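In the working numbering, the protein residues as written are 8 to 645.
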Amino acid sequence: MLLPRIKGPRDLDRLSQEELDQLAAEIRSFLVDAVSKTGGHLGPNLGVVELTIALHRVFESPKDKVLFDTGHQAYVHKLLTGRQDFGNLRSKGGLSGYPSRAESDHDVIENSHASTVLGWADGLAKANEVLGREDHHVAAVIGDGALTGGMAWEALNNIAAAKDRPLVIVVNDNERSYGPTIGGLANHLATLRTTDGYERFLARGKELLERTPVVGKPLFETLHGAKKGLKDFIAPQGMFEDLGLKYIGPIDGHDIEALESALQRAKRFSGPVIVHCLTQKGRGYTPALEHEADRFHAVGVIHPDTGLPVKTAAASWTSVFADEMVKIGHEREDIVGITAAMLHPVGLNKFAEAFPDRIYDVGIAEQHGATSAAGLATGGVHPVFAVYATFLNRAFDQVLMDVALHKCGVTFVLDRAGVTGDDGASHNGMWDMSILQVVPGLRLAAPRDAEQLRAQLREAVAVKDAPTVVRFSKGVVGPAVPAVGRIGGMDVLRAPGAEVTRPDVLLVSVGALAPMCLEIADLLDKQGISTTVVDPRWVKPVDEALAPLADRHRVVVTVEDNGRAGGVGSAVSQALRDAGVDVPLRDFGIPQRFLDHALRKEIMAEIGLTAPDIARQVTGLVAKLDGRYDSEPAATVD
């Protein structure tokens, strides 16, 4: 076995070509065995085995910076940099599913949002230039799917402007992001061919013509000036060299020797170089190759021999949304769907199958998707843009200035909202309810169960003059939580007996945390603390009935699966102040810090967002009020 002997990248230098091929096979076997037990990003890593080996043989990490966009394709990089314990991959205390600075000096980028690597690479290359580090190199690996993102092209524009600043850009072209890559760029990459033929022709021509008296040099300069047309004649030419970037490829991304040769040439070049590598997502694992939807982009726990899930998945929030979208699509011809390269993960695949002419995949380009949605709405249809909550952060300006300012009827459906857990800091959807609170006119729904998701999705798409947002959690949808009454637009989930004239606590439950809030109420009841539990359903704007209801209670408590800063608790607090309601308020939510990867329940326990933790603090608050309530005004508790 070769893999256990690889403790760091330089251990690769001693291996022969035959041993390198053996190592690649061992790595694939290791990945299938390990990831099938824990879940994770399997297909992308099976596709970059040889490429990662070649990168670490050519570049001297960590002196040279080897960057991955996105980091889900860095498992092989971890194996080659001394991290071969995958037993707790993506679990608390185990390896992250993405690069992690805490794990290794070889890891540079932790943010796993796509299309950012070229900006990082540009900055690192500039830093090398400023500090005179001529022996330091930067190599950035970007999947062809990530090249659909606008940030990547903004970076390329800057990179190409510095003709003498070394930087190697490796395009990992597997024709896919989650599913097949779409758009003009994908079509262009499919037609690119090597330009070496032209370079050899031009070099030989220069040598011959310069020997020719009088007309030789002017004739060469004329031919060189016609480079574009001549190059197109000799070899198909692409946009990269039109930008001024040296292009090498396409290279067989599973031929280590060819990869090393190309990367060495790129490393020696004194300016920016594109190395175009053709790889196969899911390489070497038949179940992945036969899975047309996403080639096992990300899997749960599976049987390694068959690739089938170990457990049958229960109904998820995503599946409930997916089915309801199809029903709404049959009822309304003006409903269209938008996805940012995540048709299956966000559940729009069923809508796409039913209405193939009413679905738009914009690639990894959330900003464009939001503005395109504004255009669709202005044109007379109602777009539903389904996206992970964490990725909507990237399109905030477009939501604000294109959708909301123009009062466009666009519905954003935010999947994986709140604490998601195993994908780590960049994938927790804990920012959306905070950043969206500042958008004028926007309406935001947080359904507590499947029935409410269906109902509130329909309410959202009925709005024609403002953006609407429906956000829900990752994973299995919980049991139905029935209402026992309604006040204003809010559902009452629990009410004290009629003998209680002024209940102690008004508990405002947000979204999927409703079962936990009812558990909190039960725990408080055992302490003799009477509690009303309400689900506002639409958390923005704050329901007008909330302030007078709060005024009939001794204390208000909000519980949300979102960052505390600027979230629902803050909005409720402001609404109470505006209404002149002087009732103490305690808001519970996610602390404003980046959370390490772990199971959702482990993270919730760590941050104190559990029923016993909250009930204990509320009990203390009520006890404090009891001790001074009749003698002095109650102060707001933060």
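Backbone N, C-alpha and C fix where the C-beta goes; we use that ideal spot for every residue, glycine too.
Remember, it's a predicted structure, so these values are computed and weren't measured experimentally.
Close Cβ partners of residue i (< 8 Å) along its chain, the five nearest in sequence each way excluded
i    : result
D18  : R12
P503 : P510, S537, T538, T539
G157 : S122, A372, Q374, H375
A487 : D456, A457, E458
Q80  : H48, P51, N52, G54, V55, V148, G150, N179
A552 : I494, G495, G496, M497
T617 : M523, M611
E331 : L460, R461, L464, R465
Euclidean distance between Cα positions of residue i and residue j
i    : j    : result
L154 : V282 : 14 Å
V625 : C524 : 12 Å
M437 : L138 : 38 Å
V515 : N435 : 22 Å
Q459 : V445 : 25 Å
F66  : A347 : 33 Å
M408 : V579 : 25 Å
K72  : D92  : 23 Å
H84  : V177 : 15 Å
I116 : G587 : 48 Å
N95  : V42  : 10 Å
Y205 : G256 : With a pLDDT of 42 at Y205, under the threshold of 50, the modelled position of that residue is not reliable, and the figure given next carries that caveat. Using only the alpha carbons, I get a separation of about 13 Å.
W127 : G15  : 24 Å
K238 : V56  : Confidence at K238 is low in this model, with a pLDDT of 43, below 50, so its placement is unreliable and no value can be given for it.
K274 : L87  : 20 Å
S577 : T397 : 20 Å
A424 : A519 : 10 Å
L500 : L531 : 15 Å
L266 : G573 : 49 Å
D633 : F601 : 37 Å
D20  : S36  : 22 Å
D439 : L399 : 7 Å
V566 : D542 : 10 Å
A381 : G485 : 33 Å
L443 : V549 : 13 Å
L513 : D558 : 9 Å
D262 : T286 : 10 Å
Q24  : G291 : 19 Å
S98  : R607 : 10 Å
L296 : H304 : 11 Å
Cut-off 6 Å between Cβ atoms - residues of its own chain near residue i, not counting five sequence neighbours on either side
i    : result
A300 : H351
G448 : A411, A473
A193 : Because A193 sits at a pLDDT of 46, beneath the cut-off of 50, its placement in the model cannot be relied upon, and the following sentence gives the value as read from the coordinates. Correct list: empty, nothing qualifies.
H389 : D341, I342, G416, V468
I335 : I342
L252 : A167, P279, I281
For residue j and residue i, believed in contact at Cβ under 8 Å, the rounded distance
i    : j    : result
L163 : L250 : 6 Å
F276 : P173 : 7 Å
D419 : F392 : Note on residue identity: the sequence assigns Phe, not Asp, to residue 419. About 5 Å separates the two Cβ atoms, so the contact holds.
L353 : D422 : First, the residue type needs correcting, since residue 353 is Val and not Leu in the sequence shown. 5 Å between Cβ atoms; contact.
V646 : A132 : Here the chain comprises residues numbered 8 to 645, so residue 646 is not present and cannot be evaluated.
W324 : F75  : Rounded, the Cβ-Cβ distance is 29 Å, inconsistent with contact.
R593 : L628 : 6 Å
L451 : K547 : 4 Å
Residue i - partner residues in DSSP beta bridges
i    : result
K253 : V280
R501 : V540
S323 : V483
T475 : T418, R450
G344 : I366, V391
D259 : L285
G492 : V499
S379 : According to DSSP, which records beta bridges pairwise, S379 is partnered with nothing at all.
P316 : I309
V353 : In DSSP, V353 forms no bridge with anything.
L4   : The chain is shown only over 8 to 645; residue 4 falls outside these bounds and no answer can be derived.
G47  : V306
D301 : Its beta-bridge partners do not exist; DSSP assigns none.
Neighbourhood of residue i by C-beta, 7 Å cutoff - its chain only, sequence neighbours within 5 removed
i    : result
P69  : D112, H113
G190 : With a pLDDT of 47 at G190, under the threshold of 50, the modelled position of this residue cannot be trusted; read the value that follows with caution. Only T155, G370 meet the Cβ criterion.
R90  : L102, E110, S111
G431 : S103, G104, Y105, D603, H604
A321 : V483
E33  : M8, L9, L10
Which ranges does the beta strand (DSSP E) cover as unbroken runs of at least 3 residues, wholly within the segment 67-138, from first to last along the chain?
-> Runs of the beta strand (DSSP E) inside the segment 67-138: 72-76.
Beta strand (DSSP E) runs wholly inside the segment 537-590, at least 3 long, in chain order | If we require 3 residues or more, the beta strand (DSSP E) runs fully inside the segment 537-590 come out as 538-542, 545-547, 562-570.
Segments of 4+ residues assigned as alpha helix (DSSP H) that fall wholly inside the segment 382-449 = Taking only runs of at least 4 residues, the alpha helix (DSSP H) segments lying wholly in the segment 382-449 are 396-399, 439-442.
What runs of the beta strand (DSSP E), each 3 residues or longer, lie entirely inside the segment 138-185?
-> Look at the segment 138-185 and you find these whole runs of beta strand (DSSP E), each 3 residues long or longer: 145-150, 174-180.
Within the segment 596-630, ranges of the alpha helix (DSSP H) (whole runs, at least 4 residues) | Correct list: 607-613.
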